[in-house]
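Enquirer: Per the UniProt record's numbering, the very first residue in the sequence shown carries number 1; after that it's consecutive.
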Amino acid sequence: MDKELKDYENNEKDGAQKQNEAIEDEVLNEDEILENKEIELQLKREEILQEEKKLKFKDIVLKKKEEKLNDREEAFLVEMKKLEEERQALREERLNYQKECEERANFIVEDIKNRNKELAQKVTELSSIEYENESIKFELNNKEENIKKLAGELVECKNKLKLLEDQGEINDIISLREKLEEYESLKEEKNKLIKENKVLRDRNKALEADVFEKDRLDSTNEILMSKLERTQSQLRYLKHLEKSKGTGEDSSQTIFKEIIEEQIELDKDTIPKVHRGDGEFIKEFIQFCRKYGFIYEEDLVRNFICSIRSSKLTILKGYSGTGKSSLPNLLSKFLKCECVVIPVQPNWRTKQDIMGFYNYFTNKFIPTELTKTLIRANVSKNRIFIVVLDEMNLARVEYYFSEFNSKLELDPKSREIELFEGVANYDGIVSEYIKDNKVKIPDNVYFVGTINEDDSVSPISDKIFDRAQVVEFMQLPTTETAGDLESACRDSITNEYTSFKSFNSEVEEDDFNINIVNEVNRFTKEYFNKVIGFRSLKQIKTFVRFFINSGGKEKEAIDMQLVSKFIPKLKFMYSDEQISALSILSDEIKELFKKELKCNDNELNNLQMVKQLEVILKELEN
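Take a look at the structure:
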């Protein structure tokens with residue numbers, strides 16, 4: 001009995017234990033399910049928050065659109081009324097003008113007809129007068145002969161009269177008196193004819209003046225036609241010369257040799273000096289500019305120096321007269337380096353316009369200052385050369401600079417450009433620097449372009465801006481910025497120059513907050529379909545590194561690079577949604593600078609990127 005009871009207890013214990021284990025397993029499964037449910041709920045919450053954020057943004061955009069639509073509707077109604085009034089006024093003005101034009105046209109036609117009729121009448125009258133004049137001349141000649149004859153007879157009669165008076169022959173005296181009266185009558189008639197002849201001559205002169213004017217116009221027309229024919233003939237001749245090839249030896253070798261030898265000779269008499277570092281250098285350079293009357297802000301100078309250090313092409317953009325062209329010139333004088341200013345012409349279309357032309361008639365390549373500078377820079381690789389393309393957007397930059405723009409991004413060893421189309425072989429010292437008719441674009445050449453923003457210039461594409469650093473000259477031109485560049489040029493003559501190797505030396509890499517740039521890039525991609533690539537990001541990193549190393553602040557460096565890389569892409573936004581997004585982008589940038597760099601409200605409102613966006617918004621609203 002005890003054994004059975006014991007077995008029963010054991011069985012109950014085992015059953016209870018198994019049931020307990022089953023309950024524990026079930027609880028564990030339920031905990032795991034609850035945990036999974038909580039994770040799913042968290043994901044859903046995050047997804048809902050993202051959707052709420054998007055809906056909030058869309059709601060802001062819609063509200064802004066609604067406000068603008070209401071404003072536009074009111075403005076549209078006012079404008080419609082104004083346009084209707086203007087249209088009515090224009091219609092009346094057009095009718096009046098049309099009537100006036102018709103009246104003037106009729107008057108002009110009638111006047112031309114009258115003038116032609118009058119001219120024809122005068123020509124006929126002139127012919128008649130000429131005939132009448134000839135008749136009078138003939139008659140006058142006859143009268144003069146008669147007068148001479150009568151004068152002779154008069155003398156004879158007087159003599160006879162004296163004799164007759166002595167002899168008392170009265171009849172002969174009467175006859176002689178009659179002849180004398182006839183003579184007086186003829187003399188009076190002669191005077192009358194002379195007066196008539198004078199009147200006719202005056203009329204003849206007036207008509208001759210009219211005919212002379214007509215002949216002069218006909219003659220002028222003939223001269224112009226003759227000049228046109230001669231010009232066309234010369235043009236055909238010049239085209240013929242261009243097509244023909246000379247038979248002499250190519251003299252380009254001599255030209256290139258002279259350039260190379262002159263540069264080698266120059267290097268013998270000059271001494272390189274070490275660059276002192278950007279921080280000290282910038283302050284001394286600003287003082288150098290002030291000495292000659294040029295006032296530049298420190299941030300602008302630092303921006304420019306760090307731009308040329310981080311990119312081979314730097315574009316200086318701003319109002320005319322703000323010192324854009326003077327800044328690279330002054331830098332070259334301070335560094336004791338070479339600077340070539342090339343004024344861009346509106347008719348430039350190809351690379352030859354800045355490189356030079358090969359004259360097939362004389363078998364000679366005529367290099368420009370740019371080509372000469374590239375050759376000299378290859379000879380003196382430790383010198384700095386600055387090429388300034390002044391007012392570079394007077395012509396389409398993509399036309400004449402596209403090949404340079406592409407080559408500048410290549411490895412220095414592959415950075416070559418062809419001088420002219422064709423095959424040319426050079427020997428001796430020339431072959432060391434020009435091979436296969438190509439010259440290298442060395443690392444020690446910096447390109448600086450200046451551009452004015454107005455309706456008279458050509459637009460610049462993203463392709464150019466993407467490869468360049470852009471420096472905005474925000475300051476308005478004043479008399480204080482009008483310095484004396486000639487004095488700076490005279491005073492900077494020396495046998496020293498700044499070493500390119502020391503000027504181009506790298507600085508230590510510092511971490512900086514690239515997150516701001518990445519977030520702005522993401523925003524512009526999402527709302528404007530505009531993005532900066534790896535090339536621009538690399539330039540930004542290099543620029544910020546140099547900027548901080550030269551004594552600048554990280555906030556200012558990032559702000560300047562946002563302006564340089566994004567503003568050119570955002571200047572032509574037109575849709576309502578994009579305009580609203582520009583306003584939101586400005587707020588986003590403020591939030592990013594506040595969060596990442598702890599900027600206060602005053603610093604946020606003074607960000608150049610924010611100010612530039614405000615300018616764009618005002619322009620679009622107007």
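Don't be surprised by glycine CBs; every beta carbon is placed ideally from N, CA and C.
Look at the alpha carbon of Leu-613 and the alpha carbon of Ile-589, and state the distance between them as a whole number of angstroms.
Expert: Roughly 11 Å between the two C-alpha positions.
Enquirer: Rounding to the nearest angstrom, what Cα-Cα distance links Ser-310 and Thr-542 in this structure?
Expert: Distance between the alpha carbons of Ser-310 and Thr-542: 6 Å.
Enquirer: Determine the direct distance from the alpha carbon of Tyr-527 to that of Ser-536, and round the result to whole angstroms.
Expert: Each residue's Cα considered, the two are about 20 Å apart.
Enquirer: Going by alpha carbons, who is nearest to Val-340 out of Lys-273, Val-430 and Val-448?
Expert: Of the listed residues, the one whose Cα sits closest to Val-340 is Val-448.
Enquirer: Going by DSSP, what residue range makes up the alpha helix (DSSP H) through Gln-539?
Expert: 534-549 is the span of the alpha helix (DSSP H), which, as asked, contains Gln-539.
Enquirer: Ignore the nearest five residues each way along the sequence and tell me which others in Glu-391's own chain have a CB closer than 8 Å to its CB.
Expert: So the qualifying residues of the chain are Pro-343, Val-344, Thr-450, Ile-451, Asn-452 and Val-457.
Enquirer: Phe-365 and Ala-377 look like a contact to me (Cβ under 8 Å); what is the Cβ gap, rounded to whole Å?
Expert: Rounded, the Cβ-Cβ distance is 18 Å, inconsistent with contact.
Enquirer: Per DSSP, Lys-364 is paired with what?
Expert: Partner(s): Asn-359.
Enquirer: In three-state terms, what does DSSP make of Cys-339?
Expert: Of the three classes helix, strand and coil, the one that applies to Cys-339 here is strand, per DSSP.
Enquirer: Looking only at its chain, what residues have a beta carbon closer than 7 Å to the beta carbon of Phe-523, apart from the 5 residues adjacent to it on each side?
Expert: Same-chain partners within the cutoff: Leu-585 and Glu-588.
Enquirer: Determine the DSSP secondary structure at Gly-279, reduced to helix, strand or coil.
Expert: Note: Gly-279 maps to helix in three-state DSSP.
Enquirer: Which first and last residues belong to the beta strand (DSSP E) in which Glu-472 is found?
Expert: Per DSSP, Glu-472 belongs to the beta strand (DSSP E) from 469-473.
Enquirer: Looking only at C-alpha atoms, which of Gly-551, Asn-549 and Gln-561 sits nearest to Ile-514?
Expert: Closest option to Ile-514, Cα to Cα, is Gln-561.
Enquirer: Once DSSP output is grouped into helix, strand and coil, what is the label at Leu-374?
Expert: Helix.
Enquirer: For a test of the three-state rule: what should DSSP assign to Phe-566, helix, strand or coil?
Expert: Phe-566 falls in the helix class under three-state DSSP.
Enquirer: Go ahead and pull the three-state DSSP assignment for Thr-350.
Expert: Note: Thr-350 maps to coil in three-state DSSP.
Enquirer: Rounded to the nearest angstrom, what separates Asn-106 and Glu-85 at their Cα positions?
Expert: Using only the alpha carbons, I get a separation of about 31 Å.
Enquirer: Starting from Ile-384 and walking both ways along the beta strand (DSSP E), at which residues does that stretch end?
Expert: Taken as a continuous stretch (DSSP letters only), Ile-384 belongs to no beta strand (DSSP E), as it is neither H nor E.
Enquirer: Between which two residues does the beta strand (DSSP E) carrying Thr-450 extend?
Expert: First-last of the beta strand (DSSP E) with Thr-450: 445-451.
Enquirer: Give the DSSP-derived three-state secondary structure of Thr-524 in the structure shown.
Expert: Residue state, collapsed to three classes: helix.
Enquirer: Hey, could you find the ends of the alpha helix (DSSP H) Lys-268 is sitting in?
Expert: Unbroken alpha helix (DSSP H) run through Lys-268: 252-268.
Enquirer: How do the segment 403-420 and the segment 434-448 stand: do at least 3 beta-carbon pairs fall below 8 Å, yes or no?
Expert: In short, these stretches touch, since the Cβ pair count reaches three.
Enquirer: Are there 16 or more other CB atoms within 10 angstroms of the CB of Val-615, so buried, or fewer, so exposed?
Expert: Val-615 comes out exposed.
Enquirer: What does the alpha-carbon distance come out to for the pair Asp-299 and Asn-382?
Expert: Approximately 28 Å between the Cα atoms of the pair.
Enquirer: Under 6 Å Cβ to Cβ from Ala-581, same chain only, skipping five residues before and after it: list those, please.
Expert: Tyr-527.
Enquirer: For Ser-325 and Val-388, I'd like the C-alpha separation in whole angstroms.
Expert: Taking the straight line joining both Cα atoms gives about 8 Å.
Enquirer: In whole angstroms, what is the alpha-carbon distance linking Glu-40 and Ile-33?
Expert: Roughly 10 Å between the two C-alpha positions.
Enquirer: Secondary structure at Ile-434, three-state DSSP: helix, strand or coil?
Expert: Note: Ile-434 maps to strand in three-state DSSP.
Enquirer: Look at the alpha carbon of Asn-191 and the alpha carbon of Glu-156, and state the distance between them as a whole number of angstroms.
Expert: If I take the Cα positions, the gap works out to 24 Å.
Enquirer: Rounded to a whole number of angstroms, what is the C-alpha to C-alpha distance between Gln-50 and Lys-58?
Expert: When rounded, the distance between both Cα atoms is 12 Å.
Enquirer: DSSP puts Glu-418 in a beta bridge; with which residues?
Expert: Paired residues: Lys-438.
Enquirer: Taking all protein chains shown into account, do 16 or more other C-beta atoms lie within 10 angstroms of the C-beta of Ile-375, making it buried, or fewer, making it exposed?
Expert: Ile-375 is buried by the Cβ-count criterion.
Enquirer: Pull up the DSSP beta-bridge partners for Ile-315, would you.
Expert: DSSP output for Ile-315 lists Gly-449 and Val-470 as bridge partner(s).
Enquirer: For Ile-23, which three-state DSSP category applies?
Expert: DSSP places Ile-23 in helix when its eight states are reduced to three.
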